[in-house]
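One structure below.
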Amino acid sequence: MSVGLTITQAAAAPKLFQLKRDYGEEVVVKLLVVILRAFVDSVRVAEKPDAADILELADTLAQTYTHDSIKDIILALKEARTNGTKFFNALDPAKVYEIIRDYFDRKARTLENQHLDRKAQAISQEAVTLHQLQQAAPTLVQNVVLMIPDSHPNAQHLRDKLTLIRQKLRRGLLSQEQAEQQRHEVQQAIQRHPRSDWQPSEAAQQQIARRHQQATRRFAEKHGIEPEYLGA
Numbered sequence: 001m002s003v004g005l006t007i008t009q010a011a012a013a014p015k016l017f018q019l020k021r022d023y024g025e026e027v028v029v030k031l032l033v034v035i036l037r038a039f040v041d042s043v044r045v046a047e048k049p050d051a052a053d054i055l056e057l058a059d060t061l062a063q064t065y066t067h068d069s070i071k072d073i074i075l076a077l078k079e080a081r082t083n084g085t086k087f088f089n090a091l092d093p094a095k096v097y098e099i100i101r102d103y104f105d106r107k108a109r110t111l112e113n114q115h116l117d118r119k120a121q122a123i124s125q126e127a128v129t130l131h132q133l134q135q136a137a138p139t140l141v142q143n144v145v146l147m148i149p150d151s152h153p154n155a156q157h158l159r160d161k162l163t164l165i166r167q168k169l170r171r172g173l174l175s176q177e178q179a180e181q182q183r184h185e186v187q188q189a190i191q192r193h194p195r196s197d198w199q200p201s202e203a204a205q206q207q208i209a210r211r212h213q214q215a216t217r218r219f220a221e222k223h224g225i226e227p228e229y230l231g232a
């Protein structure tokens, strides 16, 4: 269980109170006894805790660290054994409590630092995303605004003008401000404000009527039809 074990993995493992709920307190204490026994046997010292001490240690740990995991205890003992802890030829219950306490102090600092790192990364990522949106937003808005409908009478001319502006800007023939101004002019040209209530003046109406009559007479003469039949 200790191979490759990290503080993050230990913190994510089921807690002692959960194991007590699922398997019973006696099973949890027995598991701690096995873990402590293995640790005591691995330490080469003359004086070691006896069976009664180990049982008391297991019971105390089960009652004290209810919201920490079995893997936390395993990792604490593993680090004490592998990090060169000096036992001065004796290992007593007080030393085991000290090892566990020091581990949880390190765990608290590690988890806090990880939280601060994630928070800093999240803030940094939000800043990057915001910057990207700020950079992209004007272009996106401009592209939407400059969408020229095919029904526009000058659609092709306006598209050609936009292409020319883009090419001049790329070649340095226009400044950014000049390009924006010309795009704004294209945008204004795209906007059409039809008036459904618009009517030609009386003179214009008479001219339109005469033009229609002349076209009708020419059509009648071409096909040998009396103009009166066509209303001309």
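Position one of the sequence shown corresponds to residue 1 (the UniProt record's numbering), numbered consecutively onward. We put the CB at the ideal spot given by N, CA and C, even for glycine.
Exposed unless 16 or more other CB atoms sit within 10 angstroms - verdict on Val40: Val40 comes out buried.
Every unbroken beta strand (DSSP E) within the region 35-120, with a cutoff of 3 residues, ordered by chain: The region 35-120 contains no whole beta strand (DSSP E) run of 3 or more residues.
Neighbourhood of Lys168 by C-beta distance below 8 Å, restricted to the same chain and skipping five residues each side: Taken in chain order, the residues that qualify are Leu174 and Ala179.
Counted within 10 angstroms of its Cβ, other Cβ atoms place Asp105 as buried (16 or more) or exposed: The residue is exposed, with fewer than 16 neighbouring Cβ atoms inside 10 Å.
Best match in Arg171, Glu185 and Ile190 for proximity to Pro153 [C-alpha to C-alpha]: Of the candidates Arg171, Glu185 and Ile190, the one whose C-alpha sits nearest the C-alpha of Pro153 is Ile190.
Residue closest to Phe17, alpha-carbon to alpha-carbon, out of Lys95, Ser124, Thr64 and Ala203: Closest by alpha carbon: Thr64.
Extent of the continuous alpha helix (DSSP H) run through Gln156: In the DSSP assignment, Gln156 falls within the unbroken alpha helix (DSSP H) covering Ala155 to Arg170.
Inter-stretch contact (C-beta, 8 Å, three-pair minimum) for the region 60-76 and the region 29-43: Yes, the region 60-76 is in contact with the region 29-43.
Contacts around Lys15, its chain only, beta-carbon distance under 8 Å, and the 5 residues preceding and following it disregarded: The residues Thr66, His67, Asp68 and Ser69, in chain order, have a CB closer than 8 Å to that of Lys15 in the same chain once the five nearest residues on each side in sequence are set aside.
Rounded straight-line distance, which links the Cα of Ser124 to that of Val144: With a pLDDT of only 49 at Val144, under the threshold of 50, the placement of this residue in the model should not be trusted; the figure read from the coordinates follows. Rounded to whole angstroms, Val144 to Ser124 spans 30 Å at the Cα level.
Contact under 9 Å by Cβ, residue 247 with Ile54: Nothing about residue 247 can be reported from this structure: the residues present for the chain run from 1 to 232 only.
Residues bridged to Lys30 (per DSSP): Note: Lys30 sits in no beta bridge, so no partner.
When Leu57, Thr82, His115 and Lys78 are compared against Tyr97, the one with the closest alpha-carbon: For the set Leu57, Thr82, His115 and Lys78, the Cα lying nearest the Cα of Tyr97 is the one of Leu57.
is_contact[Thr8, chain E] using C-beta, thresh 9 Å: Among the chains of the structure shown, chain E does not appear; only one protein chain is present.
Cβ-Cβ separation, Ala13 to residue 245 (assumed contact under 8 Å), whole Å: Residue coverage of the chain in this structure runs from 1 to 232, which leaves residue 245 outside it and unanswerable.
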